[in-house]
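**Student:** Please see the structure below; I have some questions.
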Amino acid sequence: MKKIILFTATVLVFLSCDNSGTRYKNPYIPNYNFSIIIDENLPLYSGLKSPINPVYVNDGTSGVSGIIVMRVSETDYRAWEASCPNQYPTSCSTMAVNGVNAKCSCEDYTYSLFTGVGNGEEQYTMKPYRVEVLSSTSIRVYN
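Heads up: the sequence shown begins at 37 in this note's numbering, then just goes up one per residue.
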């Protein structure tokens, strides 16, 4: 009986381990700390008032090459690093918003702004950032 309990506990421990977080430990993108408050009432960010309308933010202090923020619903926002995740930051590594995708101009990789995952050829996914909803018109994006 003790062997069965030990075996079951061991199997549960191994099944509970998740390796998906390692894709965000990207050697190409530095891990800078930042915090930015985005007020959707400002013209620059007014696109975030409606869902599925991504906005590129580059205030010089957020992320490496700026950030891409998208509202999914009233309380669900996604924020991603705007630098291509599969190369070192260069002059052409800033991704362009293309509908609900972000595209690397250097390599033509395309990533979903819902999941941060590419078409499958890429080694790394987009780097996610945390989003805190402060009010009905403002959010905080931070790392």
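Backbone N, C-alpha and C fix where the C-beta goes; we use that ideal spot for every residue, glycine too.
Which one or two residues does DSSP pair with THR146 in a beta bridge?
**Tutor:** DSSP, once it has assigned bridges, lists LYS139 as partnering THR146.
**Student:** Counting pairs of Cβ atoms below 8 Å between the region 72-86 and the region 132-150, do you hit three or more?
**Tutor:** In short, these stretches do not touch, since the Cβ pair count stays below three.
**Student:** Let me know the beta strand (DSSP E) ranges lying completely inside the region 46-127, each 3 residues or longer, listed in chain order.
**Tutor:** With a minimum length of 3 residues, the continuous beta strand (DSSP E) runs that stay inside the region 46-127 are 71-75, 91-93, 103-107, 113-117.
**Student:** Where does VAL153 sit, in a helix, a strand or coil, going by DSSP?
**Tutor:** Reduced to three states, the DSSP call for VAL153 is coil.
**Student:** Along the beta strand (DSSP E) that carries SER174, what are the first and last residues, could you check?
**Tutor:** Here the beta strand (DSSP E) through SER174 covers 174-178.
**Student:** Taking DSSP as the reference, what is the three-state secondary structure of GLU158?
**Tutor:** If DSSP states are grouped into helix, strand and coil, GLU158 belongs with coil.
**Student:** My assumption, with CB atoms under 8 Å, is that SER119 sits in contact with ILE175. Please give the rounded CB distance.
**Tutor:** Actually they are not in contact, since the Cβ atoms of SER119 and ILE175 sit about 21 Å apart, beyond 8 Å.
**Student:** Quick check: what's the CA-CA separation for GLY135 versus TYR178?
**Tutor:** One C-alpha to the other measures close to 24 Å.
**Student:** Could you check how far apart the C-beta atoms of VAL93 and VAL108 are, in whole angstroms? I think they sit under 8 Å.
**Tutor:** Rounded, the Cβ-Cβ distance is 17 Å, inconsistent with contact.
**Student:** Check whether the Cβ atoms of VAL133 and PRO87 sit closer than 8 Å, and answer yes or no.
**Tutor:** Against a cut-off of 8 Å, the Cβ pair of PRO87 and VAL133 comes out as no contact.
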